[in-house]
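Those letters in the sequence shown? Residues -13 to 291, per our numbering, in order.
Report on the structure given below.
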Amino acid sequence: MLARGEQVIGVDNINAYYSVALKESRIADLKPHNGFTFLKQDFADLDGLRKAVGWAEIDRIVHLGAQPGVRYSIDHPMAYATANLTGHLAMLELARGIKGLRHMVYASSSSVYGGNTKLPFSESDAVDHPVSLYAATKRADELMSDTYAHLYGIPQTGLRFFTVYGPSGRPDMAVWLFTEALFDGKPIRLFENGTLLRDFTYVDDIVAGVLAVLDGPPAGERPHRVYNIGNNKPERVTRLVEIIEHATGRKAQTINEPMQPGDVPATYADIDAIRRDHGFEPTTPLEEGVHRFVEWYRGWRGLPA
Ligand SMILES: NC(=O)c1ccc[n+]([C@@H]2O[C@H](COP(=O)([O-])OP(=O)(O)OC[C@H]3O[C@@H](n4cnc5c(N)ncnc54)[C@H](O)[C@@H]3O)[C@@H](O)[C@H]2O)c1
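Structure below.
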């Protein structure tokens, strides 16, 4: 958004779920842009949020903040209530108070499909049986948004992200964890011998999709849509390991473990709807995206090229 000359206010409480230095480095990358203002603020604190952004004329909101992570939600459920339930509702209340808000795009997740076995996952599939609290909160966000679209006509689009990865990505996700383990000579944990399927989606493709969606708010009586946004090409985790081995030039040592609570055997996005309505087309193959990540990771860790 900054690259296309827009004014952007970034809001984040920079919590310590993972490296604060990494979060700060992302903000440092954005700071040189004239249009960028950063506010360190908890968005679940509605009064504080209103005060923090009260000076600004906001016309669109991209709400990506959350407590992410499926596995962490098994042991730390209350973190999800604050960020994903109270936080999402606070963002909706903020949106309700902004006259003429054109669009709020928010992050949902592929995890709402739970253990559904019909592949690919389609927006018309039932999503009533989440298998983690994280997924339940993301589904609840979709329902709260739908209610606000009905009650107040706030135009919103929820995007169900499918395993996003790339430079500056999340240290609790497989691409980062495996790369880190290979460089450090440590074993990687593979669940079900790495046979799980994931629709890994490169971050630049996601950015293009978010912007395309942001530019096309839904209209009508209940202006709320939900779309899958994924690569539409699931890969086995063993394939990911091979690609990381190639990119790092190291051989993986693996430890096999059973599937974890909250986990699902496969994710696979049907992207016909977002393709048709917003022209979304992922263009980055896993090989290319992982090589870009590993190159970035070497720089982040100060490892030789
Ligand atoms: N990365 C993925 O594969 C993936 C998949 C599905 C859904 N999602 C969703 O996409 C969104 C972005 O994910 P991400 O991978 O960039 O995660 P991320 O953790 O890097 O980004 C979320 C940010 O929200 C901030 N945050 C959390 N609680 C906050 C609060 N109460 N107040 C202010 N800031 C707060 C965190 O500090 C963090 O910087 C999230 O909503 C996530 O649930 C991500």
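All C-beta atoms, glycine included, are put in the ideal place defined by N, C-alpha and C.
Only a predicted model underlies this, so the values are computations on that prediction, with no experimental measurement involved.
Endpoints, beta strand (DSSP E) assigned at residue i
i    : result
M90  : 89 to 95
P250 : The displayed chain sequence assigns Val, not Pro, to residue 250. No beta strand (DSSP E) holds V250; DSSP gives it neither H nor E.
V212 : 210 to 215
H49  : 46 to 49
L182 : Neither: L182 is in no beta strand (DSSP E) and is coded neither H nor E.
F186 : That residue, F186, is in no beta strand (DSSP E); it is neither H nor E in DSSP.
As assigned by DSSP and simplified to three states, the class of residue i
i    : result
I241 : strand
G73  : helix
E109 : coil
R236 : coil
I230 : helix
R222 : strand
I260 : helix
T270 : coil
F164 : helix
R82  : helix
R57  : coil
Beta-bridge pairing of residue i - partner residues as DSSP gives them
i     : result
G(-4) : F24
F147  : S95, I215
F177  : E243
Under 8 Å between C-beta atoms of residue i and residue j
i     : j    : result
P141  : P54  : no
L129  : A76  : no
Y188  : G265 : no
I260  : N217 : no
S110  : F148 : no
F279  : Y151 : yes
E221  : L176 : no
F169  : R287 : yes
L105  : A252 : yes
A135  : P247 : no
N179  : T123 : no
I(-5) : V48  : no
I241  : E273 : no
F186  : L137 : no
D256  : F107 : yes
S131  : L200 : no
G73   : G51  : yes
S118  : V212 : no
S154  : L289 : no
H62   : T143 : no
R146  : V193 : no
Interface flag, residue i vs chain B, CB-CB below 8 Å
i    : result
D170 : Within the model displayed, chain B is absent; a lone protein chain is all it includes.
Extent of the continuous alpha helix (DSSP H) run through residue i
i      : result
L(-12) : Neither: L(-12) is in no alpha helix (DSSP H) and is coded neither H nor E.
R12    : 6 to 16
R36    : 32 to 39
L129   : 119 to 138
M64    : 63 to 66
Any non-hydrogen atom of ligand 3 within 7 Å of residue i CB
i    : result
T270 : In terms of ligand content, the structure shown lacks ligand 3 and carries ligand 1 instead.
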